[in-house]
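Residue numbers (this note's numbering): 177 to 340. Using N, Cα and C, we set each Cβ at its ideal position, and we do this for glycine too. Working notes, structure below.
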């Protein structure tokens, strides 16, 4: 697949991610009760931990789907399905991910758990129809830099980035 044209960058701090995951928990609390959470690895693990704490959910499983090599999206591969949670068709379960981008991962997980409630912290327009609840929408050409993927360093002012 060709590399996506990411023209914008959206760095997310640990504090911002925590605040947005907690806001997602507020949106989800009245939709329960929930049987458990299924986190999509790897990005969904951190928000799932925060949401599990806030909603006092102890049953947590993962579904492992690999579809990116840094900013290069490729065909998705299921590394691990839902095994230990007895989630069935997903009814009463929360699927948590950090982001829905093109929706390819979401489509795979939706097929596994069609009745689960799918929630993400961030959503892009192409994947947005596949999630039930999210906090922040960003444009399709924006690359979100999650705190586990970044280090502090100098950044060019936007005007210099634009003018080359």
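Check: Using the beta-carbon count (16 or more within 10 Å), is residue 253 buried or exposed?
Finding: Your numbering for residue 253 matches position 77 in the chain shown. Of the other Cβ atoms in all chains shown, fewer than 16 fall within 10 Å of the Cβ of residue 253; this residue is therefore exposed.
Notebook entry, point to check: What does DSSP give as the partner residues of residue 313 in its beta bridges?
Noted result: Residue 313 sits at position 137 when you count from the first residue of the chain shown. Residue 313 pairs with 299.
Notebook entry, point to check: Can you name, in chain order, every residue of its own chain whose Cβ lies under 6 angstroms from the Cβ of residue 238, other than the five neighbours on each side?
Noted result: Reading the chain shown from its first residue, position 62 is the one you call residue 238. So the qualifying residues of the chain are 215, 217.
Next item on the list: Tell me, to the nearest whole angstrom, how far the beta carbon of residue 236 is from that of residue 197; I am working on the premise that it is less than 8 angstroms.
Entry: Here residue 236 refers to the residue found at position 60 of the chain shown. Here residue 197 refers to the residue found at position 21 of the chain shown. In fact, because the Cβ distance is near 14 angstroms, the residues do not count as touching under 8 angstroms.
Margin query: Applying the 10 Å Cβ sphere with the 16-neighbour rule, what's the burial state of residue 292?
Written below: Residue mapping note: residue 292 aligns to position 116 of the chain shown, counting from 1. Answer is buried; the Cβ neighbour count reaches 16.
Next item on the list: Can you grab the Cα-Cα spacing for the pair residue 306 / residue 221, in whole Å?
Entry: What you label residue 306 is simply residue 130 of the chain shown in a count that begins at 1. What you label residue 221 is simply residue 45 of the chain shown in a count that begins at 1. Taking the straight line joining both Cα atoms gives about 19 angstroms.
Notebook entry, point to check: Shortest alpha-carbon distance to residue 189 belongs to which of 335, 256, 284, 320?
Noted result: Looking up residue 189 in the chain shown gives position 13. Comparing Cα-Cα distances from residue 189 to each of 335, 256, 284, 320, the minimum goes to 320.
Margin query: Distance check for residue 262 and residue 337, CA to CA, integer angstroms please.
Written below: Walking along the chain shown from the start, residue 337 turns up at place 161. Walking along the chain shown from the start, residue 262 turns up at place 86. In a straight line, the C-alpha of residue 337 is about 50 angstroms away from that of residue 262.
Note to self: Using the three-state DSSP reduction, which class does residue 200 fall into: helix, strand or coil?
What the structure shows: Counting from one through the chain shown, the residue named residue 200 turns up at place 24. Residue state, collapsed to three classes: helix.
Check: To the nearest angstrom, how far is it from the Cα of residue 313 to the Cα of residue 232?
Finding: One-based indexing of the chain shown puts residue 313 at position 137. One-based indexing of the chain shown puts residue 232 at position 56. The straight-line gap from Cα to Cα measures roughly 26 angstroms.
Checklist line | For residue 212, the residue or residues it bridges with in DSSP | finding: Mapped onto the chain shown, residue 212 falls at position 36. 269, per the DSSP bridge assignment.
Notebook entry, point to check: Where residue 241 and residue 286 are concerned, what is the direct C-alpha to C-alpha distance, given to the nearest angstrom?
Noted result: Within the chain shown, the letter at position 65 stands for residue 241. Within the chain shown, the letter at position 110 stands for residue 286. Straight-line spacing of the CA atoms in residue 241 and residue 286 works out to 12 angstroms.
Next item on the list: Taking residue 268 and residue 289 to be in contact with their CB atoms under 8 angstroms, please state how far apart those CB atoms are, rounded to whole angstroms.
Entry: For the purposes of this step, residue 268 is taken as the residue at position 92 of the chain shown. For the purposes of this step, residue 289 is taken as the residue at position 113 of the chain shown. The C-beta separation of residue 268 from residue 289 comes to about 10 angstroms, leaving the pair out of contact by the 8 angstroms criterion.
Check: For residue 275, does the count of other Cβ atoms within 10 angstroms reach 16, so buried, or fall short, so exposed?
Finding: In the chain shown, the residue the question calls residue 275 occupies position 99. Buried is the call here.
Notebook entry, point to check: Which of the three DSSP states, helix, strand or coil, is assigned to residue 179?
Noted result: Within the chain shown, residue 179 is the residue found at index 3, counting from 1. Low local confidence applies: a pLDDT of 47 at residue 179 is under 50, so the model's placement there is unreliable, with the coordinate-based value given in what follows. In this structure, residue 179 counts as coil in the three-state DSSP scheme.
Check: In chain order, what residues of the same chain lie with their CB nearer than 8 angstroms to the CB of residue 284, ignoring the 5 residues before and after it?
Finding: Here residue 284 corresponds to residue number 108 of the chain shown, with the count starting at 1. Counting only Cβ-Cβ distances below 8 angstroms, and skipping sequence neighbours, we find 241, 252, 254.
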